[in-house]
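> Just passing along the structure, written as structure tokens.
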Amino acid sequence: MTKIKSLDELRKKKQQLEQNLEIREKSDHPESLVQIKVAMATCGIASGARTVMNALVEKIRNDKIPAVVTQTGCMGYCYAEPTVEVKKPGHDPVVFSYVDVKKAEEIIDKYIKNNELLDGILPANYQTI
Amino acid sequence: MNDLALHLLDIVQNSLSAGATLITIIVNEDLLKNKLCIKVKDNGRGMTEEQVKKLSDPFFTSRTTRRVGLGVPLLRQTAEQSGGRLKVTSQPGEGTTLEVHFQHDHIDRPPLGDIANAVVLMMSANPLVDFKYTYTYNGKSYEVDTVELKEVLGDTPLSDLHIMGMIEEMIKTNQTDLKVCQFE
């Protein structure tokens, strides 16, 4: 497959994707999407937040989950970085701590898909039974 | 921080916190002059002269979530240990420019890292901010900006994960071509 090099090629590729319905019309209903925020201040980045963000993006793309991944600054949990906040439609946001690639996949498989909570939720007094 | 792309992600976070709506990122690799320069310019709220002076102090931060601010001090240290320097100029209400220079072949200079990935993550995660990214290699440049990208994409947001992959591929292909063309 040829690689995209110009804006024109990007436009054509995007049109192809739209025809295959791989692109969802997200901009119309952002509230209907799972919103994932990765904390990316110095503490988060130094602890591996970029690797986590890339893993989340990859998994969401492969599993075709209606979600949007954004970044945020320091939430004050520097000791527990990388942290990821997940807001499912109709639910309160949940912050997961010490997230690595494995845990990022678990967040998607267990929490986002099955509503099952994981250990390591902030504030730290939370524990799954 | 293992590479300069991570520092870039970190520094741009400062611009975002300062309310910037346009962030210009310039990466210039000049092997002939043995220099590597990264410049981040924003139109955020800017800083006073006093605040700029305090930037190298790790115990200074404008944030309230914690009492330390390590982003700029870490980058300055990395630059200085690689035969380079860091310079910040700012005007309240006008924005800030951060420029960091490295000796390209210095043994202590961290690798540039995956700059294209860092730029795409920033673009997609901050759809309300415009980014202009220029990569120059030995005088030849490649430029991409979100205004053009948004025009091409129409209703499809930059945060669409398929689109992110396509933009990253486009930037990487063009950056690689700049290098390949010069060695042919």
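Note that the protein sequences, when read in sequence, are chains A and B.
In terms of our numbering, the first sequence opens at residue 1 and continues consecutively.
In terms of our numbering, the second sequence opens at residue 1001 and continues consecutively.
We put the beta carbon where it would ideally sit given N, CA and C, even for glycine.
Given a threshold of 16 other Cβ atoms within 10 Å of its Cβ, counted over all protein chains shown, does residue 1107 (chain B) qualify as buried or as exposed?
It is exposed - the Cβ of residue 1107 (chain B) has fewer than 16 other Cβ atoms within 10 Å.
> Please say whether residue 71 (chain A) and residue 101 (chain A) have beta carbons closer to each other than 8 Å?
Taking 8 Å as the Cβ cut-off, residue 101 (chain A) and residue 71 (chain A) do not qualify as a contacting pair.
> Report the residues of the region 1143-1173 of chain B with a CB closer than 9 Å to any CB of chain A, ordered along the chain.
1144, 1148, 1149, 1151, 1152, 1153, 1154, 1155, 1156, 1157, 1159, 1160, 1161, 1162, 1163, 1164, 1165, 1166, 1167, 1169, 1170, 1172 and 1173
> Would you identify the three-state DSSP class for residue 1159 (chain B), choosing helix, strand or coil?
coil
> Apply the 10 Å Cβ neighbour rule to residue 14 (chain A) and answer buried if 16 or more other Cβ atoms are within range, or exposed otherwise.
buried
> In chain order, what residues of the same chain have a beta carbon less than 7 Å from the beta carbon of residue 1011 (chain B), not counting five sequence neighbours either side?
Same-chain partners within the cutoff: 1040, 1071, 1075 and 1098.
> Is it buried or exposed, residue 1095 (chain B), if we count other Cβ atoms within 10 angstroms and call 16 or more buried?
By the neighbour-count rule (16 or more Cβ atoms within 10 Å), residue 1095 (chain B) is buried.
> Tell me the rounded alpha-carbon separation between residue 1156 (chain B) and residue 1165 (chain B).
14 Å
> Output the residue ranges of the beta strand (DSSP E) runs that lie fully inside the region 1068-1156 of chain B and measure 3 residues or longer, sorted by chain position.
1085-1091, 1095-1103, 1130-1137 and 1140-1145
> Could you tell me whether any Cβ in chain B is nearer than 8 Å to the Cβ of residue 108 (chain A)?
no
> In chain A, what lies closer than 9 Å to residue 1001 (chain B) by C-beta?
42, 45 and 46
> Quick check on the burial criterion: 16 or more other C-beta atoms within 10 angstroms. Buried or exposed for residue 63 (chain A)?
exposed
> At 7 Å on the CB atoms, spell out the chain A contacts of residue 1013 (chain B), in chain order.
Ordered by position in chain A, the residues that pass the 7 Å Cβ test against residue 1013 (chain B) are 40, 41 and 73.
> Using 8 Å as the threshold, is the region 109-116 of chain A in touch with the region 1031-1046 of chain B, meaning 3 or more CB pairs across them?
In short, these stretches do not touch, since the Cβ pair count stays below three.
> Would you kindly work out how many angstroms separate the C-alpha atoms of residue 42 (chain A) and residue 82 (chain A), rounded to a whole number?
Between residue 42 (chain A) and residue 82 (chain A), the C-alpha separation is close to 10 Å.
> Thinking C-beta only, is residue 1001 (chain B) closer than 8 Å to residue 80 (chain A)?
no
> Would residue 118 (chain A) and residue 105 (chain A) qualify as a contact pair, given that the criterion is a beta-carbon distance under 8 Å?
no
> Hey, would you say the C-beta of residue 50 (chain A) is under 7 Å away from at least one heavy atom of the ligand COA?
Judged by which ligands are present, the structure shown has none, so any question about the ligand COA falls away.
> Any C-beta of chain A within less than 8 Å: which residues of the region 1085-1117 of chain B qualify?
1117
> What residues in the region 58-70 of chain A have a beta carbon less than 8 Å from any beta carbon of chain B?
60, 61, 68, 69 and 70
> Suppose contacts are defined by Cβ-Cβ distances below 8 Å. Is residue 1122 (chain B) in contact with residue 1009 (chain B) by that definition?
yes
> Verify whether the separation of the beta carbon atoms of residue 966 (chain B) and residue 1057 (chain B) is less than 8 Å.
Lying outside 1001 to 1184, the shown extent of chain B, residue 966 (chain B) is not represented and no answer is given.
> Skipping 5 residues on each side, what residues in its chain have a beta carbon closer than 6 Å to that of residue 85 (chain A)?
37, 93 and 95
> Within the continuous alpha helix (DSSP H) that includes residue 1006 (chain B), where are the two ends?
1004-1017
> Among A:99, A:88, A:11 and A:35, whose alpha-carbon lies nearest the alpha-carbon of residue 44 (chain A)?
A:99
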